[in-house]
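Colleague: For the sequence shown, numbering that gives the first Met the number 0 assigns the number 0 to the initial residue and increments by one for each residue that follows.
Even for Gly, the Cβ is constructed at its ideal location relative to N, Cα and C.
Since the model is a prediction, treat every value here as computed from it, not as a measurement.
I'd like to ask you about the structure that follows.
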Amino acid sequence: MLESLEKLGKLFGEFKPYDTIEGDFVLVLNLDDKGNFLDFELEEFSKEKLDKYFYKDSGASNPPSWTPTLNLNLKEPQKTLKTAIKRLEVLADFGNLKIENLKNLNFEELTETLREKLKEIPPKKKVIFTVKLNGRHIGEIEELKEGLEKFLEHRFSEKITSSEGVCSICKKLKKVFGEGLFPVKFYTLDKPNFIHGGFKRKEFVFPICYECGLKLKEGWNFVVRNLTFNFAGSIKFHLLPELVIEDEEKLKWLVERRLLETAQKVNGLSERAKEKLEQDERRILKKISEEGNYFTVHLLFLKKKNKEERIKLYLYGIYPSRLKELFEFKKYTEQLLGIDFNYSTVWDFFKENYEREFYEYVRSTFKGFPFNKILLLKVILEKLKQLLEEKESLNSFELALKNALGVYLFSLLACGGLNMEEKNPNCLEKSESLEEFLNCFPLLRGGAEKGLFLLGVLTGKLLQIQEGRLEGNKPFLKKLKGLKMRKGDFKNLFTELVAKLEEYNQAGEFPILTKKVKKLIEKTAQYLLSCEDWKLSDKEANFIFACGMGLSQRVFEILDKETREAG
Numbered sequence: 000m001l002e003s004l005e006k007l008g009k010l011f012g013e014f015k016p017y018d019t020i021e022g023d024f025v026l027v028l029n030l031d032d033k034g035n036f037l038d039f040e041l042e043e044f045s046k047e048k049l050d051k052y053f054y055k056d057s058g059a060s061n062p063p064s065w066t067p068t069l070n071l072n073l074k075e076p077q078k079t080l081k082t083a084i085k086r087l088e089v090l091a092d093f094g095n096l097k098i099e100n101l102k103n104l105n106f107e108e109l110t111e112t113l114r115e116k117l118k119e120i121p122p123k124k125k126v127i128f129t130v131k132l133n134g135r136h137i138g139e140i141e142e143l144k145e146g147l148e149k150f151l152e153h154r155f156s157e158k159i160t161s162s163e164g165v166c167s168i169c170k171k172l173k174k175v176f177g178e179g180l181f182p183v184k185f186y187t188l189d190k191p192n193f194i195h196g197g198f199k200r201k202e203f204v205f206p207i208c209y210e211c212g213l214k215l216k217e218g219w220n221f222v223v224r225n226l227t228f229n230f231a232g233s234i235k236f237h238l239l240p241e242l243v244i245e246d247e248e249k250l251k252w253l254v255e256r257r258l259l260e261t262a263q264k265v266n267g268l269s270e271r272a273k274e275k276l277e278q279d280e281r282r283i284l285k286k287i288s289e290e291g292n293y294f295t296v297h298l299l300f301l302k303k304k305n306k307e308e309r310i311k312l313y314l315y316g317i318y319p320s321r322l323k324e325l326f327e328f329k330k331y332t333e334q335l336l337g338i339d340f341n342y343s344t345v346w347d348f349f350k351e352n353y354e355r356e357f358y359e360y361v362r363s364t365f366k367g368f369p370f371n372k373i374l375l376l377k378v379i380l381e382k383l384k385q386l387l388e389e390k391e392s393l394n395s396f397e398l399a400l401k402n403a404l405g406v407y408l409f410s411l412l413a414c415g416g417l418n419m420e421e422k423n424p425n426c427l428e429k430s431e432s433l434e435e436f437l438n439c440f441p442l443l444r445g446g447a448e449k450g451l452f453l454l455g456v457l458t459g460k461l462l463q464i465q466e467g468r469l470e471g472n473k474p475f476l477k478k479l480k481g482l483k484m485r486k487g488d489f490k491n492l493f494t495e496l497v498a499k500l501e502e503y504n505q506a507g508e509f510p511i512l513t514k515k516v517k518k519l520i521e522k523t524a525q526y527l528l529s530c531e532d533w534k535l536s537d538k539e540a541n542f543i544f545a546c547g548m549g550l551s552q553r554v555f556e557i558l559d560k561e562t563r564e565a566g
């Protein structure tokens, strides 16, 4: 990561030795080359002169600036005057510029003269104070500019341990620092690819020279300004490109003509326009996936809490070809289930209680590492249980179930647990018979799975009947035990479900136990009874059952078609 930031900083960094300051007027203390007082001069503030004013924010109040340019304290101008002279002395000392009489200035007389000059300034105006030597601004004197650079490096080396050594970035022998030069507060030693030398204990050092440290800072600022995107709706991630074979011109072209053009299209839109488009991560990652494998990208996910930024996930070395695969898995999932799938879909299941597990899901799918299937099913089932208990309509549950199935199947595809070649992505939609549908459904590999799925289909049908006849109430839901059923529970559920259907059939105004329902009951019993020794975990069994509930309407559409064709 350090090398990536350094290269970006070198190519795109804005190495301004001064900072921006604003005001209405500039009050100038004019001195000659030896430091003798000449006069005070008042002029209008100009943004075009920022490089001449040479203001450098210290990030503190004492002093507020590292140079003799600072905001004028109108109530106590003598304080500003003393600070400016002190900063001029420091820069002159570090820049080897002799100003012999600077220490002989009479501050009392200067303060009185300064107060008289302030009477020329209209009220409620902001005034900048600065110094000129023989008519030249601070930013026009090379010795003072070099003095600031040397002072900042000296100040840094006093605070941070340094020694002579080889910089891990530029490979040159010079004064290097072991820490403190990193532009981000979250830098860590316990995650891969942050450490120069990997996880080899003897190489747990990352010496960096001051110059490379400045490039790191500029590289990070560039990434924050230009290569920061939304992920799963509200999560921020930073994107760092790195060429496989080092080539500065190629990197410059990649960033400017591929990444920045796409980023500007996203960042230049209004928030409302963004909502109508694909999410940021899809636009930028899709663009990268269309490139060849001449570079990789690192994705850094951060979460800000108060003033502290914490690493949630660092994905390193992702090739465009891998992103292309992920988009193919996404397309397959969408075609198979008829949904719009992305990482926001995944986040909806994890965001309430499983943030850490969500980032592990992202890591696994991006890198192709195995993900804990039982943990994933736990997260999914808890969300589905919540929807059922909130008395949402079954239509809402159907959509949630399809999304849950998308989360599960995408994980299998991305982590090597399912091959796209096994099932045609259009087979569920185009299935013309129940048997064809069951054989097409990716999770139904054996009789137990098919039996549980059909039991879910029948349960979904019963719940639809109850929802329609009992003003939205679905009392049979309590039989599902919050989707925490075990093997014996499913068999008991089947018995109770058939009994309830018979009860409604006898009391109803129209027959419920139609030919197609009876056929489904027979199929369910056949599959369940033929698989006494199933190898499914309880969570897998409950999820397959829930899939049947959510897809109940689709199954009955197929049965209706079969019935019509049979005459």
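1) Taking the alpha carbon of Cys530 as the point to measure from, which residue in Gly445, Gln465, Lys478, Leu558 has its own alpha carbon closest?
2) Please name the residue in Phe357, Leu386, Lys384 whose C-alpha comes closest to that of Lys372.
3) If we ignore side chains and look at the alpha-carbon of each, how far apart do Phe493 and Arg257 end up?
4) Drop a sphere of 10 angstroms on the beta-carbon of Gln505, count the other beta-carbons inside from all chains shown, and report buried for 16 or more, exposed for fewer.
5) Are there 16 or more other CB atoms within 10 angstroms of the CB of Trp219, so buried, or fewer, so exposed?
6) Whole angstroms is fine: what's the gap from Glu327's alpha carbon to Leu442's?
7) Alpha carbon to alpha carbon, what distance is there between Leu101 and Glu88?
8) Can you tell which of Asp32, Phe39, Asp18 has the C-alpha that lies nearest to the C-alpha of Tyr52?
9) Determine the direct distance from the alpha carbon of Trp65 to that of Leu238, and round the result to whole angstroms.
10) How long is the line joining the alpha carbons of Leu461 and Lys517, rounded to whole angstroms?
11) Ignore the nearest five residues each way along the sequence and tell me which others in Glu152's own chain have a CB closer than 8 angstroms to its CB.
12) Can you give the Cα-Cα distance for Ile379 and Ser395, rounded to whole angstroms?
13) Note down the Cα distance separating Tyr54 from Ile127, rounded to an integer number of angstroms.
14) According to the neighbour-count rule (16 or more other Cβ atoms, all chains shown, within 10 Å of its Cβ), is Lys9 buried or exposed?
15) If the criterion is Cβ atoms closer than 9 angstroms, does the pair Gly549 and Gly455 meet it?
16) Rounded to whole angstroms, what is the Cα-Cα separation between Asp50 and Lys33?
17) From what residue to what residue does the beta strand (DSSP E) around Thr66 run?
18) Between the Cα of Pro424 and the Cα atoms of Thr513, Thr332, Ala403, which residue gives the shortest distance?
19) Compare the C-alpha of Ala399 against each of Val25, Lys286, Leu336 and name the closest.
20) Does Pro76 come out as helix, strand or coil in the three-state DSSP assignment?
21) Would you give the residue range spanned by the alpha helix (DSSP H) that Phe357 belongs to?
22) Mapping DSSP to helix, strand and coil, what is Pro240?
23) Give the secondary structure of Asp32 by DSSP, where H, G and I count as helix, E and B as strand, and everything else as coil.
24) Rounded to whole angstroms, how far is the Cβ of Phe294 from the Cβ of Pro240, which I believe are closer than 8 angstroms?
Modeller: Concretely, from the data shown:
1) Gly445
2) Phe357
3) 57 angstroms
4) Here Gln505 is exposed, its C-beta having fewer than 16 other C-beta atoms within 10 Å.
5) buried
6) 20 angstroms
7) 8 angstroms
8) Asp18
9) 33 angstroms
10) 13 angstroms
11) Listed in chain order, the non-local C-beta contacts of Glu152 below 8 angstroms within the same chain comprise Tyr209, local neighbours out to five positions each way being set aside.
12) 15 angstroms
13) 10 angstroms
14) buried
15) yes
16) 23 angstroms
17) Unbroken run through Thr66: none, as it is neither H nor E.
18) Thr332
19) Leu336
20) If DSSP states are grouped into helix, strand and coil, Pro76 belongs with the helices.
21) 354-366
22) strand
23) Residue state, collapsed to three classes: coil.
24) Confirmed, about 5 angstroms.
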